[in-house]
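Asker: Chains A and B supply the protein sequences, listed in that same order.
Heads up, the first sequence is in this note's numbering, so the first residue is 17 and it goes up one at a time.
Heads up, the second sequence is in this note's numbering, so the first residue is 17 and it goes up one at a time.
Quick one: structure below, then a few questions.
There are 2 protein chains.
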Amino acid sequence: MSNTGRNYAASSVGDIQARGRATLHNDLSLTGSEISINELPAGVGLPFLHSHKRNEEVYIVVKGKGRFQIDGDEFEVAEGSVVRVDPPGVRCITADAQSPIRYICIQTEAKSLVQFTEGDGVILETKPTWLPAPAK
Amino acid sequence: MSNTGRNYAASSVGDIQARGRATLHNDLSLTGSEISINELPAGVGLPFLHSHKRNEEVYIVVKGKGRFQIDGDEFEVAEGSVVRVDPPGVRCITADAQSPIRYICIQTEAKSLVQFTEGDGVILETKPTWLPAPAK
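What follows is the structure, given as structure tokens:
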């Protein structure tokens, strides 16, 4: 299921618990990031440590709980935890022994963001269709 | 609650349903993205359309359902929906009349990603502490 327009692409990653991992870069033709949505079953951790050459990573835990290891530091994470890791950080994540963990990982070119939100967004005069028309 | 190391920063956004919106750029000192985690109550939509000057946006619906409007096209979204919007896309999102919607929005400089995953990651020889030590 996907649909596209001149300025957008939309799709669905389906059942992440069943898939284990979905990556968005190719499906959505992303140009500023690679994004993965991941679920590790209870007791399962990634079997390797890794770092990056250029990319900053941000992890967002959206369900469950687990543990991070970064540069030898270990700490617990749970729904709502957010973590930035710089390219040289040596990192890994595991689900808790008793709980699966679902997390989103966002890779971007470090130091690439120029401006954002109020500095980059443009509010338009026209209104979304779900607002009632203004009184005349 | 937050902790930092030479190559990382970790925090928690807490209860998004109560907060409504959390932004990560400043809390985590991000350099490649601005990321917001948002929840709209049932029947509530953003009251304005907006576009961007430079930034690509990716929306990930992590809970509930709602509707998107982009360049006049309207479509339904639900948990698992993922949407890329190019800078000039005129966009808005609303929760469904009967369901709240929780979504993550990622802003990045369009066309900034140079390489990713296998092209950018470096697998290390040392193993995470949660793996059993190899047999000697």
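Note that beta-carbon positions come from the ideal geometry of N, C-alpha and C, so glycine has one too.
Using the Cα positions of residue 34 of chain B and residue 146 of chain B, report the straight-line distance between them to the nearest angstrom.
Answerer: Each residue's alpha carbon lies about 35 Å from the other.
Asker: Can you pull the DSSP bridge partners for residue 107 of chain B?
Answerer: B:66 and B:86
Asker: Please tell me whether residue 27 of chain B and residue 43 of chain B are closer than 7 Å, where the distance is taken between their beta carbons.
Answerer: Against a cut-off of 7 Å, the Cβ pair of residue 43 of chain B and residue 27 of chain B comes out as a contact.
Asker: Ordered along the chain, which non-local residues of its own chain (more than five positions away) have a Cβ less than 7 Å from that of residue 71 of chain B?
Answerer: 103, 123, 124, 125 and 126
Asker: Of the choices B:50, B:45 and B:46, whose alpha-carbon is the least far from that of residue 37 of chain B?
Answerer: B:50
Asker: For residue 106 of chain A and residue 67 of chain A, which I take to be in contact (beta-carbon distance under 8 Å), what is that distance rounded to the nearest angstrom?
Answerer: 5 Å
Asker: Report the CB separation of residue 118 of chain B from residue 80 of chain B in whole angstroms; it is logged as a contact under 8 Å.
Answerer: About 6 Å separates the CB atoms of residue 118 of chain B and residue 80 of chain B; that is less than 8 Å, so the two are in contact.
Asker: Please name the residue or residues paired with residue 74 of chain B in a DSSP beta bridge.
Answerer: B:100 and B:122
Asker: Using the Cβ count rule (16 or more neighbours within 10 Å means buried), how would you classify residue 22 of chain B?
Answerer: exposed
Asker: Can residue 40 of chain A and residue 98 of chain B be called in contact, C-beta distance under 7 Å?
Answerer: yes
Asker: With DSSP as the reference, please indicate the residues paired to residue 39 of chain A in a beta bridge.
Answerer: A:52
Asker: Quick check: what's the CA-CA separation for residue 30 of chain A versus residue 57 of chain B?
Answerer: 23 Å
Asker: Quick one: residues in its chain with C-beta nearer than 6 Å to the C-beta of residue 112 of chain B, no 5 flanking neighbours on either side, listed in chain order?
Answerer: 81 and 82
Asker: Under three-state DSSP, which class holds residue 30 of chain A?
Answerer: coil
Asker: Of all the options B:69, B:20, B:54 and B:63, which has the alpha carbon lying nearest to the alpha carbon of residue 45 of chain B?
Answerer: B:20
Asker: Which residues in the same chain have their Cβ closer than 8 Å to the Cβ of residue 64 of chain B, if we skip the five residues on either side of it in sequence?
Answerer: 108
Asker: Based on DSSP bridge pairs, tell me the residues matched to residue 91 of chain B.
Answerer: B:84
Asker: Hey, could you find the ends of the beta strand (DSSP E) residue 138 of chain A is sitting in?
Answerer: Counting along the chain, the unbroken beta strand (DSSP E) around residue 138 of chain A starts and ends at 137 to 139.
Asker: Near residue 59 of chain A, what residues of its chain come up, given a Cβ to Cβ distance below 7 Å and the 5 sequence neighbours on each side ignored?
Answerer: 111 and 113
Asker: Where do the ends of the beta strand (DSSP E) carrying residue 21 of chain B lie?
Answerer: For residue 21 of chain B, the uninterrupted beta strand (DSSP E) run begins and ends at 18 to 21, by DSSP.
Asker: Is any beta-carbon of chain A found at less than 7 Å from that of residue 111 of chain B?
Answerer: no
Asker: Quick one: what's got a C-beta closer than 7 Å to residue 116 of chain B's C-beta in the same chain, skipping five residues either side?
Answerer: For residue 116 of chain B, where only same-chain residues beyond five positions count, the Cβ hits under 7 Å are 55, 56, 57, 58 and 80.
Asker: Using a beta-carbon distance below 7 Å, is residue 85 of chain A in contact with chain B?
Answerer: For residue 85 of chain A, the closest Cβ of chain B is nearer than 7 Å.
Asker: In whole angstroms, what is the alpha-carbon distance linking residue 140 of chain B and residue 73 of chain B?
Answerer: 32 Å
Asker: Can you give the Cα-Cα distance for residue 88 of chain A and residue 131 of chain B, rounded to whole angstroms?
Answerer: 26 Å
Asker: Along the region 38 to 63 of chain A, what residues have a CB closer than 9 Å to any CB found in chain B?
Answerer: 38, 39, 40, 41, 43, 44, 45, 46, 47, 48, 49, 50, 51, 52, 53, 61, 62 and 63
Asker: Any idea if residue 77 of chain B is buried or exposed, counting beta-carbon neighbours within 10 angstroms, 16 or more meaning buried?
Answerer: buried
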